[in-house]
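One structure is given below, encoded as structure tokens.
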Amino acid sequence: MIKLGERIQEGDWKAEKHVPVIECPDLVKVNELFEVKVSIGKEIGHPNTTEHHISWISLYFHPQDEKFTYQVGHFEFSAHGESVEGANKGPVYTQHEVKTALKISKPGTLYALALCNIHGLWQSAKEVKI
Ligand SMILES: [Fe+2]
């Protein structure tokens, strides 16, 4: 059986519009809040239409030398122009980007996972040092 992880796609976000871009400091202080922004399509825009959009982004943290990965947050993007008038006639579209803040007590790796409703799961990672 193929593991779910093998279905997750990755790539260079500068060349592939689906790859999440994680923006935060490379180096942070122990237990001090820092901002993390995750977006899709920073270099090449991803569509945001009723038919084709990013449904959600999940952010995880894996502390160095630990066994398990922690979920930091899950962010749903619910509006993509749907309306009783039809597809793309609605008054609102949620942009597929999120800013949050966290503090960590150990160095580790942040992982972002995103779902495009027609192109599947995409991931990226960023190391954070203390
Ligand atoms: Fe897509």
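Residue numbers (the working numbering): 12 to 141. Positions of the beta carbon are idealized from the N, C-alpha and C atoms, including for glycine. Note that the coordinates shown come from a computational prediction; the quantities given were computed from them, not determined experimentally.
Check: beta-carbon histidine 107 near ligand 1 non-hydrogen atom, thresh 7 Å; Outcome: no
Check: Through-space distance from tyrosine 104 to lysine 48, alpha-carbon basis; Outcome: 19 Å
Check: Inter-stretch contact (C-beta, 8 Å, three-pair minimum) for the stretch 104-117 and the stretch 31-46; Outcome: yes
Check: Quiz: which residues have CB nearer than 5 Å to ligand 1 non-hydrogen atoms; Outcome: Cys127, His130
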